[in-house]
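Read the structure below first, then the notes.
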Amino acid sequence: MQVAATALTVLSLFLDLGFLSAHRSKPDPKKQQNVRHAQKNETPLKKSQPHIIFILIDDQGFNDIGYHNPTIKTPTLDKLAAEGVKLENYYVQPICTPSRSQLITGRYQIHTGLQHSIIRPSQPSCLPSHMDTLPERLREAGYTTHMVGKWHLGFYRKACLPTRKGFDSFFGSLTGSVDYYSYGSCDGPGLCGYDLHDGEGVAWGQEGKYSTTLFTQKARKILESHNPSDRPLFLLLSLQAVHTPLQPPKSYIYPYRDMTNVARRKFAAMVSTVDEAVRNVTYALRKHGYYKNSVIIYSTDNGAQPFTGGSNWPLRGRKGTYWEGGVRGVGFVHSPLLRRRRRVSKALLHITDWFPTLVGLAGGNISQSQGLDGFDVWPTISEGKESPRQEILHNIDPLHKSPTESVGWHEARTKGSTVSTPKETTFKKPKKKKKKVLKQKLNKKSVLKLKSIKKPSTFTHLSTKPKKSKPLPKIKPALKPKTKTNPQHQSRAHYGPQSKIHSSGSLPVSGTSRPKSQPQIQRVKTKTKRSTSQNQNSSHVAPSQPKSKTQLKLKLKSKPKETLFRYQNMSQSGTLKPKSHPVPQFSPIWDTSVQAAIRVGDWKLLTGDPGHGDWVPLQMLPTLPGRWWNLERTSSPPYKSEAHKSVWLFNITADPFERQDLADRRPDVVQQLLARLAYYNQTAVPVYFPPDDPRADPSRHGGAWVPWVAEDEDEEGKYQGVYKKVKNSKKKKKKKKCRLCKLKSFFLKLNTGMMSNRI
0 MQVAATALTV LSLFLDLGFL SAHRSKPDPK KQQNVRHAQK NETPLKKSQP
50 HIIFILIDDQ GFNDIGYHNP TIKTPTLDKL AAEGVKLENY YVQPICTPSR
100 SQLITGRYQI HTGLQHSIIR PSQPSCLPSH MDTLPERLRE AGYTTHMVGK
150 WHLGFYRKAC LPTRKGFDSF FGSLTGSVDY YSYGSCDGPG LCGYDLHDGE
200 GVAWGQEGKY STTLFTQKAR KILESHNPSD RPLFLLLSLQ AVHTPLQPPK
250 SYIYPYRDMT NVARRKFAAM VSTVDEAVRN VTYALRKHGY YKNSVIIYST
300 DNGAQPFTGG SNWPLRGRKG TYWEGGVRGV GFVHSPLLRR RRRVSKALLH
350 ITDWFPTLVG LAGGNISQSQ GLDGFDVWPT ISEGKESPRQ EILHNIDPLH
400 KSPTESVGWH EARTKGSTVS TPKETTFKKP KKKKKKVLKQ KLNKKSVLKL
450 KSIKKPSTFT HLSTKPKKSK PLPKIKPALK PKTKTNPQHQ SRAHYGPQSK
500 IHSSGSLPVS GTSRPKSQPQ IQRVKTKTKR STSQNQNSSH VAPSQPKSKT
550 QLKLKLKSKP KETLFRYQNM SQSGTLKPKS HPVPQFSPIW DTSVQAAIRV
600 GDWKLLTGDP GHGDWVPLQM LPTLPGRWWN LERTSSPPYK SEAHKSVWLF
650 NITADPFERQ DLADRRPDVV QQLLARLAYY NQTAVPVYFP PDDPRADPSR
700 HGGAWVPWVA EDEDEEGKYQ GVYKKVKNSK KKKKKKKCRL CKLKSFFLKL
750 NTGMMSNRI
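So for the sequence shown, numbering that gives the first Met the number 0 puts the first residue at 0; every next one is plus one.
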């Protein structure tokens, strides 16, 4: 009986325990609701304000990434680009400062005064003080803004520093090029200093740490310390890599040990350091809860320099030029928020577009930023819609003029009705006369000696600020086609409409006709001094015409202006054409010796000196140019005649490598694009390129590059205009007597230029 009683009690205990456990495991619906509600509160902020991470690389060429060139090992970049949207028709500027200024301001160089060269460490120059910036607009939208890396937008006064231009924090270098380990930066021989800053102070004691690694660590600390569910984040990671000097860690060189070119080997190793940096940043985004509501943008600032290991192959040209190799950039967008991912975008995009795109993506107010040259291209990137951008003004640099002015296109063809002289005689005779004209310009106070903004008439193609350009309203209705306009750009109407030119070279049918629009531009420009002087000089430069052709010339002059735009095709060599093919008459609406470049639709026009236009193959050598140098030069016309050219025209869609110059075949397109250059130039502000300030010497500031001008000094008003060194003609005559002295001065000038222009 006792055994049975104990068995019953044990059985009842087991039953009770089972009931309790079953009762405890039964879910409580009220508790589940509370848990779900708590989980919802932990999700990162609104989807309307994504976290924006912009990764800017320095000097990475078109052929310096894995998905363009498999020999470059960039697995992280390739994966991010493959899962996002590759931007294969994306353009930047050819050098550092202009690209960064257009990214930060959303305006072209002609509207910021930074048309000429870069901002050197000793120059008292920076972004215009009255112009708003991208981080300022994002900060107003509620973002926390941080910048890590290279600034290169001026620092002569504290108002120019990144922390005064909209960034909550800054860690990096202020100049254009620093040593990757010592952080030393030089602006010529004997003018060197330490350049690593934290906020507005010098970050001493970081020597020996590799800059790419150091900047990546700083970016990860920012992501770790910020709460992604509190406020949206904007991080600009502007890496110094892969800019010279070529200083990769040895461990990264080993995978490229088979490359015979030492410079290329080091350059590729530095690209691998960038790939690892991006991998670490994306890992931090996932770890700390940013990734699902983030937009990652990857972009280079300009093309690569082949002589320091970079490659733009098969594009033409290199860094510092307006050929495709200098301005077509590597870029992609990776984001879970993209509606159409894993694709390649051929839409026309420009670095100025990031300002309105990111401000619009952040829910900011773009209408407060007057005069933007960029477009909101997020629907183009995310959904694959057509790009609102139809043209790009690459630049107009009035201080960069070609040494020999064009005769074949600009002067000679405006005067005569046919070309009666052969190609060789066309270039021989004017060569001597051009030198005389240049000497006369130097004796008189030429363009290079402009001292005041108040007298911009010395640049006949350069007007004052956009507010004073009264003729623009007259031009606007004549050029404006009935194309789709972006509502955000109603405020930038004073910068001119975009005339869409198709591959056929004609304006769209829905727009106004060409003869109506062109004479209006002609009337605006022919009133200037340069236009009248060019008409007078053209009589001296034009080739001699047979007496039998004088009647034809008088008939052409007596015709209305509309008939002057009936263009005919011409041979590229410029030889005599039959009577049935008269050479078109061109109005001098643009000085083609001025360096300028514009892209409209499929067409790209270059004037002046666009830079060395070579196709540098991958088998380049690390030494001076050898036999390979002539392997990929243009064959028609010969290279010697290229030195006398000042107008190039290419159909980039059909000829992305710029091998077929169509300037002589399509003069109608050339004329329309020259008119667009003249129209854009009406809105240009004077170039601001002040002389070096001796007060910038780092030896006066404890050995570091720091701001040297007090806030109460009106430095911008002090240097009104531009500064350019012009030697006296008397000294030149004396130097001609001594050949050895002339040779010494040449090498001194060459060495000084190479040291001072470390771009």
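Ideal Cβ placement from N, Cα and C applies to all residues, glycine included.
Contact between residue 706 and residue 154 holds: their C-beta atoms lie close to 6 Å from each other, under 8 Å.
DSSP places residue 77 in the uninterrupted alpha helix (DSSP H) bounded by 74-82.
Judged by DSSP in its simplified three-state form, residue 671 adopts helix. When the alpha-carbon of residue 167 is set against those of 270, 249, 197 and 698, the nearest one is in 197. The three-state reading of DSSP puts residue 318 in coil, since its state is none of H, G, I, E or B. Across the structure, residue 310 and residue 318 are spaced so that their CA atoms are roughly 10 Å apart. By alpha-carbon distance to residue 324, the top candidate from 85, 103, 145 and 301 is 301. Nearest to residue 307 by C-alpha distance, out of 263, 224, 105 and 95, is 263. Excluding sequence positions up to five before and after residue 112, its CB lies within less than 7 Å of the CB of 127, 684, 685, 686 and 687, all in the same chain and listed in chain order. Going by C-alpha positions, residue 676 is about 42 Å away from residue 74. When only Cα atoms are considered, residue 205 and residue 183 end up about 11 Å apart. Residue 297 is bridged by DSSP to 54 and 331. For residue 272, the closest C-alpha among the options 64, 314 and 173 is that of 64. Residue 674 and residue 345 have their alpha carbons spaced roughly 27 Å apart.
Distance from the CA atom of residue 232 to the CA atom of residue 149, rounded to whole angstroms, is 19 Å. For residue 390, the enclosing beta strand (DSSP E) stretches over residues 390-400. The beta carbon of residue 93 sits closer than 7 Å to those of 301, 302, 318, 319, 320, 321, 325 and 326, all from its chain and outside the five residues before and after it, given in chain order.
With 16 or more other CB atoms across the displayed protein chains lying within 10 angstroms of its CB, residue 292 is buried. Here DSSP, grouped into helix, strand and coil, assigns residue 70 to coil. Within the DSSP bridge table, the entry for residue 594 names 396 as partners. Look at the beta carbons and you see the region 130-148 not touching the region 75-93: under three pairs across the two are nearer than 8 Å. Annotation: the continuous beta strand (DSSP E) that includes residue 342 extends over 342-344. Rounded to whole angstroms, the separation of the alpha carbons of residue 342 and residue 610 is 33 Å. In terms of Cβ geometry, residue 108 and residue 394 form a close pair [threshold 8 Å]. Three or more pairs of CB atoms, one per stretch, sit closer than 8 Å, so the region 276-291 contacts the region 222-229. With a threshold of 16 other beta carbon atoms within 10 Å, residue 251 meets it and is buried. Taking 8 Å as the cut-off, the beta carbon of residue 105 is found no closer than this to the beta carbon of residue 48.
Look at the region 220-290 and you find these whole runs of alpha helix (DSSP H), each 4 residues long or longer: 249-252 and 261-286.
If you check the CB distance, residue 349 and residue 115 do not come in under 8 Å.
Distances from the CA of residue 689 to each of 120, 274, 249 and 57 were compared; the closest alpha carbon is that of 120.
Excluding sequence positions up to five before and after residue 185, its CB lies within less than 6 Å of the CB of 191, all in the same chain and listed in chain order. Within the model, the alpha-carbon separation for residue 360 versus residue 173 is close to 29 Å. A Cβ-Cβ separation of about 17 Å leaves residue 294 out of contact with residue 237 under the 8 Å criterion. Straight across, the Cα-Cα distance linking residue 144 with residue 203 is about 24 Å.
Using a Cβ distance threshold of 8 Å, residue 381 and residue 337 count as a contacting pair. Looking at 712, 665 and 708, the one whose alpha-carbon comes closest to that of residue 122 is 708.
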